[in-house]
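Just below is one structure, and these are the notes that go with it.
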Amino acid sequence: MFQLPKAFPDEVLLSRLIRFVTISGVSSTTLLESSFSSKKTSIHPFLTSGLSRIAELCNEDVNVLLKEQTLAPLFCFYLPVHADYLQKMMLTNNGAKAFRASQLASFGSGQSLGLKSCPLCVQEDLSNYGVSYWHRSHQVPGVATCGYHGTVLSFLELTQRQRIIRQLLPQLETKIQYSPPVEYMVAAFSTQLLGLLTAENPVHKVTDAYRYYLNEKGYLTQSGRVRRQSLMHDFYKYISKHSSTNAALIPRKQDDFRYLSQLLDEDGSHHPYRHLLFGTWLFNSAKQVFAYLPKPILSNENTEPDNKYNQQAVEQECLALLKTGKSLAQIGRETGKSRCYLKRIALLNDISINLKPKLLTQKVINAICSLAYYGFHRREIAKRCGVGIGAVEQIISSRPGLVERRKQCRFESARRKNRVLLLRYLALHPESIRKDVKRDCNSAFFWLYLNDRAWLEEALPDKLHPSGRYSN
Ligand SMILES: [Zn+2]
């Protein structure tokens, strides 16, 4: 039985194994022979297999190893067809089959296998933990940027078959380079998504989420077909500053329609980076991948032809109606267009729209009053209840006693804060005299002097008696 060092946040399993052989004195040969009865077993940096055996030998939870210390969650999410087989091969000791199930070899991205690290993360880890380690989020294939810092990741190629090598941990580097913003966005999205996938299982296929949000943004026709010209135009514009060091992962040109049609194919197998790039552009945040999706509005009964002239005429009609200041609901009824579509074209054409205010039901009013009673800020109440700040103010002022109660809350909060400031200062400076307190805690001193004088007198050091000619 071996005791691996505890995992640091976002640490990949191979990193823990390397730290284990570095500090324990147990050799990698002994570790591999005990685990797999073969010293030749090669440990993959992010699709580590033989997890059941490692978990058994090191008294670990195999699900934690699989979900938190490998990239299995990301691959399973983007390759649903291969997900079960991939996990099975990773749990058993079938490294080569697990790698084949990941489809990485077939994507032809031409990347050699290695370990990536961020120089700023290394600095932080050394200062926080006294040791650097390999982060899981840095190992996502195709991602060459730190999702936390936006820095270019360093790459250490793994040339040997044996990867559990003593001291093989990221080194401190002084050269810091930053990636183009689009690559930083992809890395940040990837890091966030990985974290979410570790914590929960997605309820939808990624392709369902794509279709839903494409429809929301007006990239689907009423019959559910993709408006590939405008979609590709906008997507290509977004990634125009992306470096092309790995050309297989980004669209070749603006009319590379296959790139997108493949991603939207629910049984397709594509390099995870392609999905990450597209997802970064389409979703505002990785959380949207997990959001509850209402049934997409893809009515196949609607046989209206996808005619460009027709589309433009409808758009012009909607714009004219929007300019008259009619409500979205009314325009929707007249034109048959969704609120999302109308909001989008209004935004694109700089037309301000009057959204119907949320109805102030008794339930909403009670929630506002309750939050107000406990002293929440008006802005926070407005946000939580989904109403305007004006409505919150109106309700607070109309409820007897609530304004006074909130004033009292603010007073007590200020009193607590200032008392604590003063007491903390006195505890740190037991020798101080009144003049010091007044000088160093000026604002707290005067607040208490004006509002809480009796307490201040009690708390302050005793007054010094003037030492004059008559004193002893
Ligand atoms: Zn970093």
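One rule links them: number in the working numbering = place in the sequence shown (from 1) + 66. Every residue gets a Cβ at the ideal spot worked out from N, C-alpha and C, and that includes glycine. Predicted, not measured: the structure shown is a model, and the values here were computed from it.
Rounded to whole angstroms, what is the Cα-Cα separation between residue i and residue j?
i    : j    : result
S418 : Q377 : 22 Å
D191 : E77  : 11 Å
E332 : F143 : 11 Å
Q243 : L219 : 9 Å
S327 : F173 : 16 Å
R232 : V197 : 13 Å
S70  : K241 : As written in the sequence, residue 70 is Leu, which differs from the Ser given in the question. Roughly 32 Å between the two C-alpha positions.
L437 : R294 : 47 Å
K283 : L145 : 25 Å
H336 : S90  : 40 Å
S81  : W347 : 32 Å
L387 : T264 : 47 Å
L413 : A395 : 16 Å
A510 : R485 : 7 Å
T427 : K473 : 26 Å
P139 : W200 : 18 Å
S463 : S351 : 37 Å
T401 : M251 : 37 Å
T96  : E122 : 16 Å
On the premise that residue j lies in contact with residue i, defined as a C-beta separation below 8 Å, what is that separation, rounded to the nearest angstrom?
i    : j    : result
S256 : L342 : 5 Å
H308 : E266 : With 8 Å as the limit, H308 and E266 do not qualify as a contact, their Cβ atoms being about 30 Å apart.
S168 : E223 : That belief does not hold up - the Cβ atoms of S168 and E223 are roughly 19 Å apart, past 8 Å.
I84  : L235 : 6 Å
I230 : V87  : 6 Å
V355 : A480 : About 43 Å; that fails the 8 Å criterion.
M67  : N125 : 6 Å
DSSP state of residue i, grouped into three classes?
i    : result
H531 : coil
T158 : coil
F20  : Because residue 20 is not part of the residues shown, which for the chain are 67 to 538, the question remains open.
V390 : In the sequence on display, residue 390 carries Thr and not Val. Coil at T390, not helix or strand.
K403 : coil
E381 : helix
Y214 : coil
Y199 : coil
S306 : coil
S183 : strand
I84  : helix
Y244 : strand
L286 : strand
Y58  : As displayed, the chain neither begins before 67 nor continues past 538, which places residue 58 out of reach and without an answer.
M67  : coil
S100 : helix
E239 : coil
L522 : helix
Can you pull the DSSP bridge partners for residue i?
i    : result
F221 : K182
L117 : L117 is not bridged to any residue.
F292 : First, the amino acid is wrong: residue 292 is Val here, not Phe. Paired residue(s): L286.
- Query: Touch check for the segment 113-125 and the segment 85-101: three-plus C-beta pairs under 8 Å?
  - Reply: As far as the Cβ criterion goes, the segment 113-125 touches the segment 85-101, which means the pair count is three or higher.
- Item | At least 3 beta-carbon pairs within less than 8 Å: the segment 180-195 vs the segment 205-215 | In short, these stretches touch, since the Cβ pair count reaches three.
- With ligand 3 as the reference, list in chain order each residue whose Cβ lies under 7 Å from any of its heavy atoms. What this structure holds is ligand 1, not ligand 3.
- Evaluate the contact criterion for the segment 495-507 versus the segment 516-531: three or more CB pairs, one atom per stretch, below 8 Å. Yes, they touch.
- Message: Counting beta carbon pairs with one atom in the segment 485-495 and one in the segment 447-465, are three or more of them shorter than 8 Å?
- Response: In short, these stretches do not touch, since the Cβ pair count stays below three.
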